[in-house]
Amino acid sequence: MAIPERIIWSIGHLEIGPGDRILEIGCGRGVALAEVSRLLADGHIVGLDRSDSAVKAAIDRNGEGIAAGKVEIMQAALADYAASAGRFDKIFAINVNLFWLEAMRELTVLKPLLAAGGRLYLFFEPPSAGQIDTIRRAIEVRLKTGGYVVDEVVTGPTPTPPLLGIIARPGA
Ligand SMILES: C[S@@+](CC[C@H](N)C(=O)[O-])C[C@H]1O[C@@H](n2cnc3c(N)ncnc32)[C@H](O)[C@@H]1O
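Under the numbering used here, think of the first position of the sequence shown as 3, with each following residue one higher.
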């Protein structure tokens with residue numbers, strides 16, 4: 003299966019190190035989990051999704067990573083998630099719309115999960131390039147209200163597909 007461009011582009015922005023501890027929110031069928039796990043040596047990635055069918059597909063796709071102890075997949079809504087794997091250096095989500103709709107509870111849950119210096123990466127491929135500014139503004143407002151600082155905003159290299167990434171960290 004060809005890996006969607008948004009996933010390749012998003013992973014490129016994570017600058018993954020071999021020992022990173024990573025959480026993916028809304029991992030869907032586990033495509034990014036599988037790609038990220040190949041970049042890890044002694045690192046670890048947890049995939050979280052509330053959908054039963056998505057979690058089953060992600061487990062199927064990531065059998066090797068799970069057997070190697072690099073990948074863990076959990077079924078839960080983010081608002082109810084209690085991490086068992088400790089803190090994360092990087093937490094990311096790709097195309098999880100709750101972050102620009104309403105995510106105050108979820109942003110509160112995530113803050114203590116970030117290790118010192120850890121960052122939150124929110125990536126989107128909206129249906130049209132015209133939505134990028136609306137989504138960016140909505141997310142920036144939510145992040146600020148939730149006590150995060152936006153470090154960087156990145157957009158895709160070409161107009162097709164439209165891609166947006168917002169990289170943030172907990173404020174002081
Ligand atoms: C549009 S899909 C994106 C899947 C994958 N990240 C991708 O880019 O192909 C969004 C996924 O996020 C999950 N999701 C949405 N809201 C969630 C929440 N509050 N907690 C956990 N998972 C959530 C959905 O079940 C779905 O699998």
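Backbone N, C-alpha and C define an ideal beta-carbon position, used for all residues, glycine too.
For residue i, does the count of other Cβ atoms within 10 angstroms reach 16, so buried, or fall short, so exposed?
i: residue 23; result: buried
i: residue 4; result: exposed
i: residue 57; result: buried
i: residue 148; result: buried
i: residue 17; result: exposed
i: residue 103; result: exposed
i: residue 51; result: buried
i: residue 40; result: exposed
i: residue 139; result: exposed
Within the present structure, is the beta-carbon of residue i separated from the nearest heavy atom of ligand 1 by less than 7 Å?
i: residue 41; result: no
i: residue 51; result: yes
i: residue 64; result: no
i: residue 45; result: no
i: residue 154; result: no
i: residue 73; result: no
i: residue 108; result: yes
Verify whether the separation of the beta carbon atoms of residue i and residue j is less than 8 Å.
i: residue 67; j: residue 105; result: no
i: residue 31; j: residue 60; result: yes
i: residue 194; j: residue 96; result: Missing from the structure shown is residue 194; the chain here goes from 3 to 174 and no further.
i: residue 166; j: residue 157; result: yes
i: residue 125; j: residue 53; result: no
i: residue 123; j: residue 15; result: yes
i: residue 21; j: residue 45; result: yes
Compare the Cα-Cα distances from residue i to each of the options and report the closest residue.
i: residue 137; options: 116, 109, 112, 98; result: 98
i: residue 143; options: 168, 132, 120, 157; result: 168
i: residue 171; options: 121, 63, 139; result: 121
i: residue 38; options: 124, 151, 19; result: 19
i: residue 83; options: 112, 102, 58; result: 112
i: residue 131; options: 119, 164, 85; result: 164
i: residue 85; options: 25, 11, 21, 133; result: 25
i: residue 110; options: 129, 55, 173; result: 173
i: residue 70; options: 42, 29, 129; result: 42
i: residue 129; options: 108, 107, 100, 162; result: 162
Rounded to whole angstroms, how far is the Cβ of residue i from the Cβ of residue j, which I believe are closer than 8 Å?
i: residue 116; j: residue 90; result: 6 Å
i: residue 27; j: residue 80; result: 5 Å
i: residue 33; j: residue 49; result: With a Cβ gap of about 10 Å, residue 33 and residue 49 do not count as contacting.
i: residue 152; j: residue 145; result: 6 Å
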